[in-house]
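Colleague:
There are 2 protein chains.
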Amino acid sequence: MGRKDLKTNDPGSKERILQAAVELFSRRGYGNTGLRELAALADVNLAMINYFYGSKKALLKEILDMFFSGYLEIARSELLGNAPPLTRLDKFIHKVVTFFSENSEYLLVTITELPHEDPEITEHKALWGKQMIATVKEFLDSVDLDSEIAELAVPVLFCSTLTSMMASKFLFNPVMAQVQPERLASVTLDDYADLVSKIFLQGLGSFIKID
Amino acid sequence: MGRKDLKTNDPGSKERILQAAVELFSRRGYGNTGLRELAALADVNLAMINYFYGSKKALLKEILDMFFSGYLEIARSELLGNAPPLTRLDKFIHKVVTFFSENSEYLLVTITELPHEDPEITEHKALWGKQMIATVKEFLDSVDLDSEIAELAVPVLFCSTLTSMMASKFLFNPVMAQVQPERLASVTLDDYADLVSKIFLQGLGSFIKID
DNA sequence: GACTCAATCAAACGATTGTTTACCCGTGAC
DNA sequence: GTCACGGGTAAACAATCGTTTGATTGAGTC
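Going down the list, the sequences are from chains S and G.
The first sequence begins at 151 in the numbering used here and counts up by one.
The second sequence begins at 151 in the numbering used here and counts up by one.
(1) Spatial neighbours of methionine 216(S) within its chain, please: CB distance less than 7 angstroms, with the 5 preceding and 5 following residues excluded, ordered by chain position.
(2) Beta-carbon separation of threonine 248(G) and alanine 343(G) under 9 angstroms?
(3) Run through chain G and tell me which residues come within less than 8 angstroms of arginine 226(S), C-beta to C-beta.
(4) May I ask you to report which of helix, strand or coil DSSP gives leucine 295(G)?
(5) By the criterion of Cβ-Cβ separation under 9 angstroms, what are the contact partners of alanine 328(G) in chain S?
(6) Within 10 Å of its beta-carbon, does aspartate 291(G) have 16 or more other beta-carbons around it, so buried, or fewer, so exposed?
(7) Quick check on glutamate 301(G) - is its C-beta less than 9 angstroms from some C-beta in chain S?
(8) Measuring alpha carbon to alpha carbon, tell me which residue in Phe175(G), Ala317(G), Ala225(G) is nearest lysine 207(G).
(9) CB-CB under 7 angstroms to threonine 183(S), same chain, minus the five flanking residues each way: which ones, in chain order?
(10) Along the region 311-322 of chain S, what residues have a CB closer than 9 angstroms to any CB found in chain G?
(11) Taking only beta-carbon atoms, is tyrosine 342(S) less than 9 angstroms away from chain G?
(12) Considering only residues of the same chain and omitting the five flanking positions on each side of histidine 244(S), which have a CB-CB separation below 6 angstroms?
(13) What distance in whole Å lies between the Cβ atoms of valine 293(G) and isoleucine 358(S), which are believed to be in contact at a cut-off of 8 angstroms?
(14) Our contact map puts lysine 348(G) next to isoleucine 261(S) with C-beta atoms below 8 angstroms; I'd like the distance itself, whole angstroms only.
(15) Please check if any C-beta of chain G sits within less than 9 angstroms of the C-beta of arginine 186(S).
(16) Of all Cβ atoms in chain G, is any one closer than 9 angstroms to the Cβ of glycine 179(S)?
(17) Determine the direct distance from the alpha carbon of glutamate 270(G) to that of glutamate 263(G), and round the result to whole angstroms.
(18) What residues are listed by DSSP as bridge partners for isoleucine 358(S)?
(19) Is there a C-beta anywhere in chain G that falls below 9 angstroms from the one on valine 247(S)?
(20) Would you verify that the beta carbon of asparagine 253(S) is, or is not, closer than 9 angstroms to some beta carbon of chain G?
(21) Buried or exposed for proline 235(S), going by 16 or more other Cβ atoms inside 10 Å?
(22) Measuring only between beta-carbons, confirm whether glycine 231(S) sits less than 9 angstroms from chain G.
(23) Going along the chain, which residues of its own chain have a beta-carbon closer than 7 angstroms to the beta-carbon of aspartate 240(G), five neighbours each way excluded?
(24) Return the first residue and the last residue of the alpha helix (DSSP H) that serine 205(S) is part of.
(25) Using a Cβ-Cβ distance cut-off of 9 angstroms, determine whether aspartate 296(S) contacts chain G.
(26) Which residues of chain G have a Cβ atom closer than 8 angstroms to the Cβ of phenylalanine 250(S), listed in chain order?
(27) Where do the N-terminal and C-terminal ends of the alpha helix (DSSP H) with alanine 317(G) fall, by residue?
(28) Given a threshold of 16 other Cβ atoms within 10 Å of its Cβ, counted over all protein chains shown, does glutamate 228(G) qualify as buried or as exposed?
(29) Taking DSSP as the reference, what is the three-state secondary structure of valine 286(G)?
(30) Quick check: alanine 197(G) and arginine 166(G), are their CB atoms within less than 9 angstroms of each other?
(31) Can you pull the chain G residues whose beta carbon is under 7 angstroms from the beta carbon of phenylalanine 357(S), in chain order?
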């Protein structure tokens, strides 16, 4: 059997370790997660973690890389093109919200570890950031913006604000689920994407009848 | 001397501990910060941390409480009132951005620890969340929104998206400062608040000349 | 059968974790 | 004087941390 697991598609030890890492890092945080707890959840021996990944930090890097590469791929395929800018943005927002939802644990690990300064990981983050900014800049250059906002909406801020807005539901979910679980459940994922798209593209003001 | 430090206004040990905690928790993360490093930065004995605050987690609670109370205070004073809704929102955004900027370390600690499940702290977060949502709900009830977005913009999502958007600059700052430091520096804090306000209230679409 | 190699394991490594203890010092009360 | 007490300290507590070691398994190669 040249390849592993031809019949069964249950994940091997290496995959189970990464699954457990994503789950625990997103729920407890990277620093608050112990490798023994992780090994127990993945149902592997403690030593297998360093055997497959080398170190705990390498596990985190793997998670960040997988998230960033998926996000960047969507940005490149949806943000650039010939369709009208607003149409491109709307499709981008819907695709990203879906991506964030399907990989919400990866998203949470990435966002919560984003501001922390760690020499090894900061390089990784900066590398992905550069590619992301380059893509956003290419998009913004293809849009004819009013001068009054063109000076403000520099790529770094445009990218930050939009990303944060799309991620907001998943960032606040653990808290909001305790505050108003019924109202949260009444809004589907597509509804949420619509909300983000409408506010970001048309603004809240356009939906106010009397002001 | 009944009160401490009548002449000098340099902070006492208790205050220095909290200052060091905010700095280290925001830079390295709560879980990645050791109390010995914290004590060294605060220039106090290790035992003084538990003497004044009882535990490491209590320090985190203190930080979260201080941030939430300040944020909630602004929401209550700016979101509710008699001025037109959009005027209120614009003032709210500018005040919050200033508040986030002046307390960016508190903001980072709060946001990065927000999604993590910790029985003791989850209650705290939910308590503040309820008060915040109640305030936002009161604001939204005073606005006459189109039905097409009124169903989507439930308080929990409205609060999440706007908060995330206002916090985005500070969340992404550590990364973006490495990507494009010169473009970031060219935008003042007021410019940033204007950008958030314009996009959220008027939408990006209203600034595009040709589509 | 001998050899290889990746996978797995129990056990221990030294270091660091958050927390607590017992002791010390200065000040104010009585 | 001495008693109490809040602030401060060094040292140690048990527990856990990430990582490494050395041995063992089992399937594949020659």
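Beta carbons: idealized from backbone N, C-alpha and C, even for Gly.
Modeller: Once the coordinates are examined:
(1) To locate residue 216(S), count along the first sequence from 1; it is residue 66. Here the set comprises Tyr256.
(2) The count along the second sequence starts at 1 and reaches residue 248(G) at position 98. The count along the second sequence starts at 1 and reaches residue 343(G) at position 193. Alanine 343(G) is positioned such that its CB atom lies closer than 9 angstroms to that of threonine 248(G).
(3) Taking the first residue of the first sequence as 1, we reach residue 226(S) at position 76. Going along chain G, no residue has its Cβ under 8 angstroms from arginine 226(S), so there is no contact; the nearest lies around 17 angstroms.
(4) Within the second sequence, numbered from 1, the residue matching residue 295(G) stands at position 145. Three-state result, leucine 295(G): strand.
(5) Start at 1 with the first residue of the second sequence, and residue 328(G) comes out as number 178. Looking at the sequence itself, residue 328(G) is glutamine, so the reference to alanine does not match. Per Cβ cutoff of 9 angstroms: Thr272, Glu273, Lys275, Ala276, Gly279, Lys280.
(6) Taking the second sequence and counting its residues from 1, one reaches residue 291(G) at position 141. Under a 10 Å Cβ-count criterion, aspartate 291(G) is classified as exposed, with fewer than 16 other Cβ atoms of the shown protein chains found around its own Cβ.
(7) Stepping through the second sequence from its first residue, residue 301(G) is reached at position 151. It does; some Cβ of chain S falls within 9 angstroms.
(8) Position 57 of the second sequence holds residue 207(G). Selected option, being the one with the closest Cα: Phe175(G).
(9) Taking the first sequence and counting its residues from 1, one reaches residue 183(S) at position 33. So the list reads Leu174, Phe175, once near-sequence residues are dropped.
(10) Taking 9 angstroms as the Cβ-Cβ cut-off against chain G, the residues of the region 311-322 of chain S that qualify are Thr311, Leu312, Thr313, Ser314, Met315, Met316, Ala317, Ser318, Lys319, Phe320, Leu321, Phe322.
(11) On the first sequence, residue 342(S) is found 192 positions in, with the first residue counted as 1. Output row for tyrosine 342(S): interface = yes.
(12) What you label residue 244(S) is simply residue 94 of the first sequence in a count that begins at 1. Around histidine 244(S): Ala343.
(13) Reading the first sequence from its first residue, position 208 is the one you call residue 358(S). Reading the second sequence from its first residue, position 143 is the one you call residue 293(G). Contact annotation, isoleucine 358(S) with valine 293(G): C-beta distance approximately 6 angstroms; criterion of less than 8 angstroms satisfied.
(14) Taking the second sequence and counting its residues from 1, one reaches residue 348(G) at position 198. Taking the first sequence and counting its residues from 1, one reaches residue 261(S) at position 111. Contact check for lysine 348(G) and isoleucine 261(S): beta-carbon distance about 24 angstroms, past the 8 angstroms limit, so the pair fails to qualify.
(15) For the purposes of this step, residue 186(S) is taken as residue 36 along the first sequence, with counting starting at 1. With respect to chain G, the C-beta atom of arginine 186(S) has no partner C-beta closer than 9 angstroms.
(16) Translated into the one-based positions of the first sequence, residue 179(S) becomes position 29. Residue contact with chain G for glycine 179(S): present (Cβ-Cβ distance below 9 angstroms to some residue of chain G).
(17) By 1-based counting over the second sequence, the position of residue 263(G) is 113. By 1-based counting over the second sequence, the position of residue 270(G) is 120. Within the model, the alpha-carbon separation for glutamate 263(G) versus glutamate 270(G) is close to 13 angstroms.
(18) In the first sequence, the residue the question calls residue 358(S) occupies position 208. Answer is Leu295(G), bridged to isoleucine 358(S).
(19) Here residue 247(S) is taken as the residue at index 97 of the first sequence, counted from 1. For valine 247(S), the answer is no, since every Cβ of chain G falls outside 9 angstroms of its Cβ.
(20) Translated into positions along the first sequence, residue 253(S) becomes position 103. Chain G, which has no Cβ nearer than 9 angstroms to the Cβ of asparagine 253(S), makes this no.
(21) Stepping through the first sequence from its first residue, residue 235(S) is reached at position 85. Answer is buried; the Cβ neighbour count reaches 16.
(22) On the first sequence, position 81 is the one that residue 231(S) refers to. It does not; no Cβ of chain G falls within 9 angstroms.
(23) Along the second sequence, read from residue 1 onward, the residue named residue 240(G) stands at position 90. Its chain contains Ser347, Leu351 as the residues whose beta carbon lies nearer than 7 angstroms to that of aspartate 240(G), once the 5 sequence neighbours on both sides are disregarded; these appear in chain order.
(24) Mapped onto the first sequence, residue 205(S) falls at position 55. Element bounds for serine 205(S): n/a, residue is neither H nor E.
(25) Residue 296(S) sits at position 146 when you count from the first residue of the first sequence. Residue-level contact check: aspartate 296(S) touches chain G, since one or more beta carbons of chain G fall below 9 angstroms from its beta carbon.
(26) Within the first sequence, numbered from 1, the residue matching residue 250(S) stands at position 100. Residues of chain G passing the Cβ test: none, with the nearest at roughly 12 angstroms.
(27) Here residue 317(G) is taken as the residue at index 167 of the second sequence, counted from 1. Taken as a continuous stretch (DSSP letters only), the alpha helix (DSSP H) holding alanine 317(G) covers 305-329.
(28) Against the second sequence, residue 228(G) aligns to sequence position 78. Under this definition glutamate 228(G) is a buried residue.
(29) Against the second sequence, residue 286(G) aligns to sequence position 136. Valine 286(G): helix per DSSP, three-state reduction.
(30) Within the second sequence, the letter at position 47 stands for residue 197(G). Within the second sequence, the letter at position 16 stands for residue 166(G). Taking a C-beta distance under 9 angstroms as the contact criterion, alanine 197(G) and arginine 166(G) do not qualify as a contact pair.
(31) The residue given as residue 357(S) occupies position 207 in the first sequence. The contacting residues are Leu295, Asp296, Ile299.
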